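Q:
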Amino acid sequence: MVQTQQPSLPVIYQGQFGEYTIDDSDRWSVILYRTGLIIAALCFTIATGLILFQENNPLVIQALTPIYFCFWFGLGLSLVMIHIYLIPLHQLLQLFWLIGGIASAVFAWVDDEPLALTIYHHPYTLFGVGFTFVALTGIYFKEAFCFNRMETKLLTPLVPLLLLGFIAGIWSVSAQKIFLAFWAIQFIIFAGRKIFQDIPGDIGDKSVFDYLKNRQSA
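Okay, so the sequence shown: first residue is 7 according to my numbering, each after it adds one.
So, in structure tokens, the structure goes:
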């Protein structure tokens, strides 16, 4: 006698504003969010390694530009798929990402130097390009607040501290390299740990999203 396997019933979660379930669309959004983080972290780590160990190689400096834009794309994918309760904050981070990308493209187009050298020789360019990293810091802050992760607690103040200090000319070259290496290590740890995190944690309370959406429509 052949027994047919009954399909498993979806898990019902109790949210703040009612019950909800998690479907395949929710799971894919989390997978894509984490994929974007992994792409961004790998690109950032590769670029950091090249800067620290091959900084005098002209070909390496030129290669940093496409690596940066690959990092920017991965970050953008994460910012599209991330679950943030405050819709205006979510949209603001996406706007920062877009501004940073446009500024980066403009500087890469109009300056004869590779983008990395343009930023290094003209720190004021970070008032445009730096919006990309403001958006990234927003993700760090969200993850630190929601999941209490040590690496994101460290990265949230580190990024503005490094970039603003660089603009102000505070940090020595050695200090910049130390900060950059620490940033890359913590970033890759953060992205790696996200792979093994339960998917519902990144989705959050769907009843809150529904409540906010209905209130906005009303």
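Backbone N, C-alpha and C define an ideal beta-carbon position, used for all residues, glycine too. Since the model is a prediction, treat every value here as computed from it, not as a measurement.
Tell me the DSSP secondary structure of residue 61 in three-state form.
A: Residue state, collapsed to three classes: coil.
Q: With distance defined between alpha-carbon atoms, name the residue in 117, 114, 78, 113 nearest to residue 100.
A: The option with the nearest alpha carbon to residue 100 is 78.
Q: DSSP three-state label for residue 119, please.
A: Coil at residue 119, not helix or strand.
Q: Which residue marks the beginning of the alpha helix (DSSP H) containing residue 189, and which one marks its end?
A: Per DSSP, residue 189 belongs to the alpha helix (DSSP H) from 179-201.
Q: Given a cut-off of 7 Å, decide if residue 138 and residue 234 are closer than it, judged by their beta-carbon atoms.
A: Because the chain in this structure spans residues 7 to 224, residue 234 falls outside the shown range and cannot be described.
Q: Pop quiz: residue 42 and residue 110 are said to be a contact at Cβ under 8 Å. What is the actual Cβ separation, rounded to whole angstroms?
A: Wrong, their Cβ atoms sit about 17 Å apart, outside the cutoff.
Q: Leaving out five residues on either side along the sequence, give the residues of the same chain with a beta carbon under 6 Å from the beta carbon of residue 120.
A: Counting only Cβ-Cβ distances below 6 Å, and skipping sequence neighbours, we find 67, 68, 71.
Q: Would you mind listing the alpha helix (DSSP H) stretches within the segment 46-96 that are 4+ residues and don't spill past its ends, in chain order?
A: Correct list: 64-87.
Q: Run through DSSP, which three-state label would residue 134 get?
A: In this structure, residue 134 counts as helix in the three-state DSSP scheme.
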